[in-house]
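Remarks on the structure that follows.
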Amino acid sequence: MTVFTRPKSMFFCLYLESLVGLVVTFLVFLHLTADYVRASDAETFVDSGIRHVKNYVNSQFERDGLYGRLNRVGALTLYDYKLRIVDKYNVGQDRCEACQLFTTTHGIKVFVDGDNLFYAAFPIPKSARYLLYRELEDPFASTTAWYKNRDNHVVALMFLTMAFALAGLLYLPIRRVNKRINKLLRAQASFGQGNLSTRSEAFHISPVKEFAESFNEMASDIELRVKESMVFAQAIPHEIRTPISRIQMASDLLRREDTKDRERLFNDIDDYIQDISSLTTDILQLSRLGNGRCSASNANPERFSLSEFCKDRIKMVVGEDEVRLVIDSEGSSEEYIAVQCFAKLVLDNLLKNAVRYGCGEVELAIRSFDACWTIDIEDNGPGIPLDKRDEIFLAFSRIDTHRNVSQGGFGLGLAIANQAAKNLGWSVSVDDSYLGGARFTIVIPRTK
1 MTVFTRPKSM FFCLYLESLV GLVVTFLVFL HLTADYVRAS DAETFVDSGI
51 RHVKNYVNSQ FERDGLYGRL NRVGALTLYD YKLRIVDKYN VGQDRCEACQ
101 LFTTTHGIKV FVDGDNLFYA AFPIPKSARY LLYRELEDPF ASTTAWYKNR
151 DNHVVALMFL TMAFALAGLL YLPIRRVNKR INKLLRAQAS FGQGNLSTRS
201 EAFHISPVKE FAESFNEMAS DIELRVKESM VFAQAIPHEI RTPISRIQMA
251 SDLLRREDTK DRERLFNDID DYIQDISSLT TDILQLSRLG NGRCSASNAN
301 PERFSLSEFC KDRIKMVVGE DEVRLVIDSE GSSEEYIAVQ CFAKLVLDNL
351 LKNAVRYGCG EVELAIRSFD ACWTIDIEDN GPGIPLDKRD EIFLAFSRID
401 THRNVSQGGF GLGLAIANQA AKNLGWSVSV DDSYLGGARF TIVIPRTK
């Protein structure tokens, strides 16, 4: 049986991780500080030993000086340390087995014993003897319990101050990020429940911004594909039923013996079959473009001149006399790298659409900009209403009686052009033309 556990809040996890990080940082700080302070204590210990050596040497002629006292008794215990004079060959014998080398300061090796107390041997100038200097207790160690020590109170207060300050500084940004992610999760849940128009609001903090943009792009693509699927499911039977019904009617007429003009009926049947074949070809082409099997990454890109490419497509598809070509002088000789078969689908379908629905005047203009090229295809036809400009790129979309099957096509041309443009990384948009009809604009980004 699968057990589902409630996920932990990101807000709680970030706060907990910040607290753990602060504690670890504080402990590392205490450790490094303790080492630094102990090294400073070692320097103080060596400086004190050097002063004792100087005092020993300078008190040779004093009756009760350090020199006389050490030579009489051999060792002296003063406060928290012990002094002893030994010969050069007996220096190592006085050191305990547990002593370890801690550091070397001013040429003097400083050892620590099992109680972490310092020990060192200082050479006496102009002599074969050494002054052994050993701590009996740490002069800086506190005899007060740790929880009563004021120094520990200061350290604890500093830690708490840092913790609360960090918590306050992190609260607002973490809270904002948490709220944005929760909004994104709610949008995702709403979309998953079937509200395909749900979109996330725009954010400006990375990586939430990238998550929201990625979700919106995915949602738009899914919504478009669902709409196309619904249109396909409704439109394909209707589109096929019309020519099949006409074929059936022509076949019934041909069975009658009194039917005249039988040749025309046979030609009509051929035309209807051709319509079905064209419809099937367009549907398969659009399906391949949309399902990823036919993408720019699976084809070989070619280098070509945009101006020459447009001239060739005009001549091949609609004829040079049908379209007026306008080329920006700055972009007339520029070349572009792309998959030509997709570029042909984009340009050919838009040219056919303009010639079919225009009233005898079509213009194609190529313009060059710093970041992109644009190709504008304009006609003087009835134009496209503002509220229909997104709908026309859906399969089988027809605006009105001016744009119907009687003029050729099944409403798939613009859908094919739009999908091929997406596969190339281009974009196609529609607006009003100065000629009075529609203007389709292809935006071609410059590749780096």
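UniProt numbering applies: residue 1 is where the sequence shown begins, and numbers increase by one.
For every residue, glycine included, the Cβ atom is placed at its ideal position computed from N, Cα and C.
Quick check: the Cα distance between residue 109 and residue 17, rounded to an integer number of angstroms?
Whole-angstrom Cα-Cα distance: 43 Å.
What is the rounded straight-line gap between the Cα of residue 78 and the Cα of residue 87?
21 Å
Given residue 282, which residues of its chain have a CB within under 6 Å of its CB, disregarding the five upstream and five downstream residues?
412
What is the C-beta distance between residue 180 and residue 205, in whole angstroms, given that I count them as a contact (C-beta under 8 Å)?
7 Å
Taking the runs of the beta strand (DSSP E) that are 3 residues or longer, which of them lie wholly in the region 333-363?
335-338
Would you kindly check if the distance between the Cβ of residue 301 and the Cβ of residue 276 is under 7 Å?
If you check the CB distance, residue 276 and residue 301 do not come in under 7 Å.
Taking contact to mean 3 or more Cβ pairs, one atom from each stretch, closer than 8 Å, check whether the region 349-361 and the region 377-391 are in contact.
yes
Which same chain residues end up closer than 6 Å to residue 106 when comparing Cβ atoms and leaving out the 5 residues on each side of it in sequence?
46
Please confirm whether residue 133 and residue 120 have their CB atoms less than 7 Å apart.
yes
Residues in its own chain within less than 6 Å of residue 67 by CB, not counting five upstream and five downstream?
56, 59, 60
Please list, in chain order, all residues of the same chain as residue 53 whose beta carbon is under 7 Å from its beta carbon, the five residues on each side excluded.
122, 124, 131
For the putative contact between residue 254 and residue 343, defined by C-beta atoms under 8 Å, what is the C-beta separation to the nearest angstrom?
About 45 Å separates the two Cβ atoms, so there is no contact after all.
Hey, how far is the Cα of residue 347 from the Cα of residue 310?
8 Å
Report buried or exposed for residue 362, applying the criterion of at least 16 other Cβ atoms within 10 angstroms of its Cβ.
buried
Fully enclosed by the region 30-75, which beta strand (DSSP E) runs are 3 residues long or longer?
none
Just the C-alpha distance for residue 221 and residue 196, rounded to the nearest angstrom, thanks.
10 Å
Residue 83: buried (16+ other C-beta within 10 angstroms of its C-beta) or exposed?
buried
Tell me where the beta strand (DSSP E) around residue 427 begins and ends.
427-432
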